[in-house]
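Student: Numbering (the working numbering), first residue to last: 23 to 319. Idealized CB from N, CA, C, for every residue including glycine. What you are looking at is a predicted structure, and each value in this text was computed from that prediction instead of being measured.
1) Pop quiz: residue 143 and residue 311 are said to be a contact at Cβ under 8 Å. What is the actual Cβ separation, rounded to whole angstroms?
2) Which residues does DSSP pair with residue 202 in a beta bridge?
3) Does the beta-carbon distance from residue 112 to residue 316 come in below 7 Å?
4) Tell me where the alpha helix (DSSP H) around residue 39 begins and ends.
5) Could you work out which residue in 68, 250 and 216 is closest to residue 243 when comparing CA atoms only?
6) With three or more C-beta pairs closer than 8 Å as the rule, is the stretch 63–82 touching the stretch 141–159?
7) Exposed or buried, what is residue 130 when buried is set at 16 or more other beta-carbons lying within 10 Å of its beta-carbon?
8) Which value, in whole angstroms, describes the spacing of the CA atoms of residue 361 and residue 60?
9) For residue 63, which of 116, 293, 31 and 90 has the nearest alpha-carbon?
10) Between residue 101 and the rest of its own chain, which residues show a CB-CB distance below 7 Å, the 5 nearest in sequence each way excluded?
11) Answer yes or no: do residue 246 and residue 306 have a C-beta to C-beta separation smaller than 7 Å?
12) Among the residues of its own chain, which have a CB less than 7 Å from the CB of residue 193, if the five just before and after it don't count?
13) What residue range is occupied by the uninterrupted alpha helix (DSSP H) comprising residue 90?
14) So, residue 8 versus residue 48, is the Cβ gap smaller than 7 Å?
15) I need the DSSP call for residue 211, collapsed to helix, strand or coil.
16) Note down the Cα distance separating residue 78 from residue 51, rounded to an integer number of angstroms.
17) Hey, how far is the Cα of residue 91 from the Cα of residue 209?
18) Between residue 65 and the rest of its own chain, which residues show a CB-CB distance below 8 Å, the 5 nearest in sequence each way excluded?
19) Residue 308: which of 285, 296, 207 and 98 sits nearest, CA to CA?
20) Taking the CB atoms as reference points, tell me whether residue 302 and residue 119 lie closer together than 7 Å.
21) Give the C-beta separation of residue 239 and residue 297 to the nearest angstrom, bearing in mind that I take them to be a contact with Cβ-Cβ under 8 Å.
22) Measuring alpha carbon to alpha carbon, tell me which residue in 36, 46, 53 and 28 is nearest residue 108.
23) Can you name the residues that DSSP bridges to residue 305?
24) Roughly how many angstroms lie between the CA atoms of residue 199 and residue 88, to the nearest whole one?
25) DSSP three-state label for residue 34, please.
26) Look at the alpha carbon of residue 205 and the alpha carbon of residue 300, and state the distance between them as a whole number of angstroms.
27) Anyone know if the C-beta pair for residue 279 and residue 201 falls short of 7 Å?
28) On the CB-based measure, 16 or more other CB atoms within 10 Å of its CB, does residue 41 come out buried or exposed?
29) Exposed or buried, which one is residue 132 when buried takes at least 16 other CB atoms within 10 Å?
30) Would residue 163 and residue 289 qualify as a contact pair, given that the criterion is a beta-carbon distance under 7 Å?
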(Lines of atoms letter the chains of each structure in order from A; the text may use other names.)
(Lines give C-alpha, C1' and ligand atoms only; values in the text may rest on other atoms or scores of the structure.)
Protein backbone atom coordinates (compact mmCIF):
# COMPACT_ATOMS: atom_id res chain seq x y z
CA UNK A 23 0.00 0.00 0.00
CA UNK A 24 1.46 3.33 -1.11
CA UNK A 25 0.37 6.33 0.94
CA UNK A 26 0.83 9.81 -0.51
CA UNK A 27 0.41 13.22 1.09
CA UNK A 28 0.25 16.47 -0.89
CA UNK A 29 1.14 19.60 1.04
CA UNK A 30 -0.13 22.59 -0.94
CA UNK A 31 0.59 26.26 -0.39
CA UNK A 32 -2.71 27.81 -1.57
CA UNK A 33 -1.00 31.21 -1.82
CA UNK A 34 1.67 29.97 -4.25
CA UNK A 35 2.51 32.35 -7.09
CA UNK A 36 1.35 29.94 -9.80
CA UNK A 37 -2.42 30.38 -9.62
CA UNK A 38 -2.83 27.82 -12.39
CA UNK A 39 -1.23 25.15 -10.20
CA UNK A 40 -3.48 26.01 -7.26
CA UNK A 41 -6.59 25.88 -9.45
CA UNK A 42 -5.57 22.49 -10.84
CA UNK A 43 -5.12 20.81 -7.46
CA UNK A 44 -8.35 18.77 -7.77
CA UNK A 45 -7.21 17.39 -11.12
CA UNK A 46 -3.77 16.69 -9.67
CA UNK A 47 -5.24 14.87 -6.70
CA UNK A 48 -7.52 12.72 -8.85
CA UNK A 49 -4.66 11.78 -11.19
CA UNK A 50 -2.58 10.63 -8.23
CA UNK A 51 -5.51 8.64 -6.83
CA UNK A 52 -5.67 6.66 -10.06
CA UNK A 53 -2.20 5.29 -9.30
CA UNK A 54 -1.78 5.23 -5.51
CA UNK A 55 -3.74 3.49 -2.78
CA UNK A 56 -4.17 6.51 -0.55
CA UNK A 57 -3.79 10.20 -1.42
CA UNK A 58 -4.48 13.01 1.05
CA UNK A 59 -4.34 16.76 0.47
CA UNK A 60 -3.27 19.27 3.11
CA UNK A 61 -3.29 23.05 2.64
CA UNK A 62 -0.92 25.24 4.61
CA UNK A 63 -2.51 28.10 6.53
CA UNK A 64 0.54 29.97 7.82
CA UNK A 65 4.34 30.03 7.62
CA UNK A 66 5.70 26.96 9.40
CA UNK A 67 2.51 24.96 8.94
CA UNK A 68 4.12 22.82 6.27
CA UNK A 69 6.89 21.78 8.67
CA UNK A 70 4.28 20.92 11.29
CA UNK A 71 2.45 18.73 8.78
CA UNK A 72 5.69 16.91 7.91
CA UNK A 73 6.28 16.20 11.61
CA UNK A 74 2.74 14.87 11.88
CA UNK A 75 2.69 12.82 8.68
CA UNK A 76 6.31 11.77 8.24
CA UNK A 77 5.91 8.29 9.73
CA UNK A 78 2.58 7.65 8.03
CA UNK A 79 3.29 8.32 4.35
CA UNK A 80 5.60 6.80 1.75
CA UNK A 81 5.68 9.81 -0.58
CA UNK A 82 5.34 13.45 0.40
CA UNK A 83 4.65 15.89 -2.43
CA UNK A 84 5.26 19.60 -1.99
CA UNK A 85 3.11 21.85 -4.19
CA UNK A 86 4.33 25.43 -4.09
CA UNK A 87 7.26 27.75 -4.69
CA UNK A 88 10.85 27.71 -3.48
CA UNK A 89 9.89 28.90 0.01
CA UNK A 90 7.42 26.05 0.45
CA UNK A 91 9.88 23.49 -0.87
CA UNK A 92 12.62 24.83 1.43
CA UNK A 93 10.35 24.55 4.47
CA UNK A 94 9.25 21.01 3.65
CA UNK A 95 12.76 19.84 2.75
CA UNK A 96 14.12 21.19 6.04
CA UNK A 97 11.42 19.35 7.98
CA UNK A 98 12.03 16.10 6.08
CA UNK A 99 15.82 16.28 6.41
CA UNK A 100 15.56 16.63 10.19
CA UNK A 101 13.91 13.23 10.38
CA UNK A 102 15.62 9.89 10.80
CA UNK A 103 12.94 8.26 8.63
CA UNK A 104 12.52 10.40 5.53
CA UNK A 105 9.68 9.85 3.05
CA UNK A 106 10.33 10.11 -0.68
CA UNK A 107 10.00 13.76 -1.70
CA UNK A 108 8.15 14.88 -4.83
CA UNK A 109 7.62 18.40 -6.15
CA UNK A 110 4.89 20.10 -8.16
CA UNK A 111 6.35 23.55 -8.99
CA UNK A 112 4.11 26.48 -8.17
CA UNK A 113 6.36 29.49 -7.58
CA UNK A 114 8.35 32.11 -9.47
CA UNK A 115 11.72 30.40 -9.93
CA UNK A 116 11.23 26.78 -8.79
CA UNK A 117 14.99 26.24 -8.68
CA UNK A 118 15.14 22.77 -7.18
CA UNK A 119 12.39 21.32 -9.36
CA UNK A 120 14.31 22.55 -12.42
CA UNK A 121 17.50 20.97 -11.09
CA UNK A 122 15.89 17.53 -10.86
CA UNK A 123 14.27 17.74 -14.28
CA UNK A 124 10.66 18.41 -13.26
CA UNK A 125 8.45 20.03 -15.89
CA UNK A 126 7.23 23.51 -14.93
CA UNK A 127 3.72 22.71 -16.11
CA UNK A 128 1.98 21.30 -12.99
CA UNK A 129 -0.02 18.65 -14.84
CA UNK A 130 3.02 17.43 -16.76
CA UNK A 131 4.99 17.43 -13.51
CA UNK A 132 2.41 15.05 -12.01
CA UNK A 133 2.86 12.68 -14.93
CA UNK A 134 6.60 12.67 -14.25
CA UNK A 135 6.02 11.89 -10.57
CA UNK A 136 3.87 8.93 -11.57
CA UNK A 137 6.85 7.45 -13.45
CA UNK A 138 8.34 6.92 -9.97
CA UNK A 139 11.94 7.67 -10.97
CA UNK A 140 13.76 7.83 -7.63
CA UNK A 141 17.19 9.36 -7.08
CA UNK A 142 19.31 9.98 -4.02
CA UNK A 143 20.61 13.56 -3.97
CA UNK A 144 23.02 15.53 -1.82
CA UNK A 145 21.76 18.07 0.69
CA UNK A 146 23.66 21.00 2.16
CA UNK A 147 23.60 21.80 5.86
CA UNK A 148 24.46 25.20 7.34
CA UNK A 149 24.59 24.87 11.13
CA UNK A 150 21.07 23.53 11.82
CA UNK A 151 19.53 24.61 8.49
CA UNK A 152 19.34 22.51 5.31
CA UNK A 153 19.46 23.73 1.72
CA UNK A 154 18.97 22.10 -1.67
CA UNK A 155 20.12 24.85 -4.06
CA UNK A 156 22.48 27.44 -2.59
CA UNK A 157 23.85 29.27 0.43
CA UNK A 158 24.91 32.88 -0.08
CA UNK A 159 26.01 36.13 1.54
CA UNK A 160 26.70 39.61 0.21
CA UNK A 161 25.27 40.77 -3.12
CA UNK A 162 23.07 37.72 -3.61
CA UNK A 163 21.34 38.31 -0.28
CA UNK A 164 21.10 42.06 -0.80
CA UNK A 165 19.54 41.59 -4.23
CA UNK A 166 16.94 39.24 -2.78
CA UNK A 167 16.15 41.65 0.05
CA UNK A 168 15.79 44.55 -2.40
CA UNK A 169 13.17 42.90 -4.60
CA UNK A 170 9.98 44.94 -4.76
CA UNK A 171 7.02 42.56 -4.12
CA UNK A 172 4.97 44.39 -6.74
CA UNK A 173 7.76 43.96 -9.30
CA UNK A 174 8.04 40.27 -8.46
CA UNK A 175 4.32 39.78 -8.98
CA UNK A 176 4.39 41.49 -12.38
CA UNK A 177 7.76 40.40 -13.77
CA UNK A 178 8.35 37.04 -12.04
CA UNK A 179 11.92 35.80 -12.50
CA UNK A 180 12.90 39.02 -14.25
CA UNK A 181 12.43 40.85 -10.94
CA UNK A 182 15.51 39.07 -9.56
CA UNK A 183 17.66 40.36 -12.42
CA UNK A 184 16.25 43.87 -12.09
CA UNK A 185 17.11 43.86 -8.39
CA UNK A 186 20.61 42.48 -9.09
CA UNK A 187 21.28 45.25 -11.59
CA UNK A 188 20.19 47.85 -9.04
CA UNK A 189 22.10 46.29 -6.13
CA UNK A 190 25.38 45.81 -7.97
CA UNK A 191 25.76 49.59 -8.30
CA UNK A 192 25.94 49.89 -4.51
CA UNK A 193 28.07 46.98 -3.25
CA UNK A 194 28.73 46.60 0.48
CA UNK A 195 32.15 44.93 0.89
CA UNK A 196 32.92 42.85 3.96
CA UNK A 197 35.93 41.02 5.36
CA UNK A 198 35.63 37.32 4.63
CA UNK A 199 37.50 34.37 6.10
CA UNK A 200 36.96 30.90 4.64
CA UNK A 201 38.52 27.62 5.79
CA UNK A 202 37.85 24.59 3.59
CA UNK A 203 39.49 21.32 2.58
CA UNK A 204 42.75 22.47 1.06
CA UNK A 205 41.35 25.92 0.26
CA UNK A 206 41.60 29.06 2.39
CA UNK A 207 40.72 32.66 1.74
CA UNK A 208 40.89 35.85 3.80
CA UNK A 209 40.24 39.29 2.40
CA UNK A 210 37.63 41.73 1.12
CA UNK A 211 34.65 40.37 -0.80
CA UNK A 212 31.25 41.50 -2.03
CA UNK A 213 29.66 38.09 -2.48
CA UNK A 214 30.09 34.44 -1.65
CA UNK A 215 27.82 31.70 -2.93
CA UNK A 216 27.98 28.00 -2.16
CA UNK A 217 26.11 25.87 -4.69
CA UNK A 218 24.60 22.45 -4.15
CA UNK A 219 22.38 22.58 -7.24
CA UNK A 220 22.85 24.39 -10.57
CA UNK A 221 19.93 26.87 -10.47
CA UNK A 222 19.75 30.25 -8.75
CA UNK A 223 16.87 32.61 -9.46
CA UNK A 224 15.54 30.30 -12.15
CA UNK A 225 18.70 30.26 -14.30
CA UNK A 226 22.00 28.37 -14.33
CA UNK A 227 23.99 31.52 -13.68
CA UNK A 228 26.86 30.48 -11.45
CA UNK A 229 27.37 26.72 -11.55
CA UNK A 230 25.71 25.33 -14.70
CA UNK A 231 27.60 22.04 -14.39
CA UNK A 232 26.86 21.57 -10.70
CA UNK A 233 25.98 18.01 -9.76
CA UNK A 234 23.50 17.11 -7.03
CA UNK A 235 25.15 13.72 -6.64
CA UNK A 236 28.90 14.43 -6.57
CA UNK A 237 29.20 14.93 -2.80
CA UNK A 238 30.75 18.39 -3.16
CA UNK A 239 29.80 22.04 -3.04
CA UNK A 240 30.82 24.54 -5.70
CA UNK A 241 32.10 27.73 -4.04
CA UNK A 242 32.35 31.15 -5.68
CA UNK A 243 33.91 34.23 -4.04
CA UNK A 244 33.71 37.63 -5.74
CA UNK A 245 36.23 40.25 -4.60
CA UNK A 246 35.33 43.92 -4.72
CA UNK A 247 37.99 44.61 -7.33
CA UNK A 248 36.50 42.02 -9.67
CA UNK A 249 32.92 43.28 -9.54
CA UNK A 250 32.91 44.76 -13.08
CA UNK A 251 34.41 41.51 -14.39
CA UNK A 252 31.82 39.48 -12.49
CA UNK A 253 28.95 41.53 -13.85
CA UNK A 254 30.15 41.20 -17.44
CA UNK A 255 30.50 37.46 -16.97
CA UNK A 256 27.05 37.20 -15.42
CA UNK A 257 25.48 39.15 -18.27
CA UNK A 258 27.18 37.12 -20.98
CA UNK A 259 26.72 33.80 -19.15
CA UNK A 260 30.40 33.00 -19.61
CA UNK A 261 30.03 31.23 -16.25
CA UNK A 262 29.54 28.14 -18.38
CA UNK A 263 33.31 28.14 -18.51
CA UNK A 264 34.96 26.40 -15.57
CA UNK A 265 37.88 28.83 -15.21
CA UNK A 266 37.67 32.35 -13.80
CA UNK A 267 40.27 35.06 -13.39
CA UNK A 268 42.36 35.29 -10.21
CA UNK A 269 39.98 37.80 -8.60
CA UNK A 270 37.00 35.49 -8.98
CA UNK A 271 37.70 32.45 -6.83
CA UNK A 272 36.07 29.12 -7.56
CA UNK A 273 36.68 25.76 -5.94
CA UNK A 274 34.92 22.61 -4.77
CA UNK A 275 34.80 21.25 -1.24
CA UNK A 276 32.84 18.93 1.04
CA UNK A 277 32.77 21.30 4.03
CA UNK A 278 33.85 24.79 5.01
CA UNK A 279 33.80 27.33 7.83
CA UNK A 280 32.88 30.94 7.11
CA UNK A 281 33.32 34.15 9.11
CA UNK A 282 32.45 37.67 8.01
CA UNK A 283 32.97 41.14 9.46
CA UNK A 284 30.52 42.74 9.73
CA UNK A 285 28.18 39.77 10.16
CA UNK A 286 26.27 38.94 6.98
CA UNK A 287 22.68 37.86 6.50
CA UNK A 288 22.58 34.36 5.03
CA UNK A 289 20.34 33.44 2.12
CA UNK A 290 19.53 29.71 2.02
CA UNK A 291 17.43 28.86 -1.03
CA UNK A 292 15.82 32.31 -0.86
CA UNK A 293 15.08 32.14 2.87
CA UNK A 294 16.90 34.48 5.26
CA UNK A 295 16.84 33.37 8.90
CA UNK A 296 20.44 33.44 10.13
CA UNK A 297 23.70 35.39 10.06
CA UNK A 298 27.36 34.42 9.86
CA UNK A 299 29.49 32.74 11.15
CA UNK A 300 28.49 29.42 9.65
CA UNK A 301 29.76 25.87 9.19
CA UNK A 302 28.66 24.10 6.00
CA UNK A 303 28.81 20.45 5.07
CA UNK A 304 27.54 18.23 2.27
CA UNK A 305 25.29 15.35 3.27
CA UNK A 306 25.86 12.91 0.37
CA UNK A 307 22.94 10.87 -0.99
CA UNK A 308 20.79 12.12 1.87
CA UNK A 309 17.34 12.64 0.36
CA UNK A 310 15.34 10.46 -2.04
CA UNK A 311 13.43 12.54 -4.59
CA UNK A 312 11.18 11.82 -7.55
CA UNK A 313 13.02 13.12 -10.60
CA UNK A 314 12.19 13.91 -14.21
CA UNK A 315 13.41 11.90 -17.16
CA UNK A 316 16.10 14.50 -17.93
CA UNK A 317 17.79 14.13 -14.55
CA UNK A 318 21.03 12.20 -15.02
CA UNK A 319 22.32 9.82 -12.41
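Tutor: So, from the listed chains and residues:
1) Indeed, because the Cβ distance is near 6 Å, the residues count as touching under 8 Å.
2) Looking at the DSSP output, residue 202 bridges to 205 and 278.
3) Going by C-beta atoms, residue 112 is not nearer than 7 Å to residue 316.
4) Start and end: 37–41.
5) Comparing Cα positions, the closest option is 216.
6) Flag = no, the stretch 141–159 and the stretch 63–82 do not touch.
7) The residue in question, residue 130, is exposed, as its Cβ has fewer than 16 Cβ neighbours within 10 Å.
8) This structure cannot settle anything about residue 361, because the visible part of the chain is limited to 23 through 319.
9) The candidate whose alpha carbon is nearest that of residue 63 is 31.
10) By the criterion of a C-beta distance shorter than 7 Å, residue 101 is surrounded in its chain by 76, once the five residues flanking it on both sides are discounted.
11) Note that the C-beta distance between residue 246 and residue 306 is not below 7 Å.
12) Excluding five sequence positions before and after residue 193, the CB atoms of its chain that fall closer than 7 Å to its own CB belong to 161, 212, 246 and 249, given in chain order.
13) Annotation: the continuous alpha helix (DSSP H) that includes residue 90 extends over 88–99.
14) In this structure the chain extends from 23 to 319, so residue 8 is not present and cannot be described.
15) Shown here, residue 211 sits in a strand according to DSSP, grouped into three states.
16) Straight-line spacing of the CA atoms in residue 78 and residue 51 works out to 17 Å.
17) CA-to-CA, the gap between residue 91 and residue 209 works out to about 34 Å.
18) Within the same chain, residue 65 has close Cβ partners 93.
19) Taking the Cα of residue 308 as reference, the smallest distance to any Cα among 285, 296, 207 and 98 is reached at 98.
20) The answer is no: Cβ separation not under 7 Å.
21) 20 Å between Cβ atoms; not a contact.
22) The shortest Cα separation from residue 108 among 36, 46, 53 and 28 belongs to 28.
23) Checking the DSSP bridge columns, you'll see residue 305 partnered with 145.
24) Roughly 29 Å separates the two Cα atoms.
25) Note: residue 34 maps to coil in three-state DSSP.
26) Cα-Cα distance, rounded: 16 Å.
27) Contact flag set, yes.
28) Residue 41 comes out exposed.
29) So residue 132 ends up on the buried side.
30) In contact: residue 163 and residue 289 (Cβ atoms closer than 7 Å).
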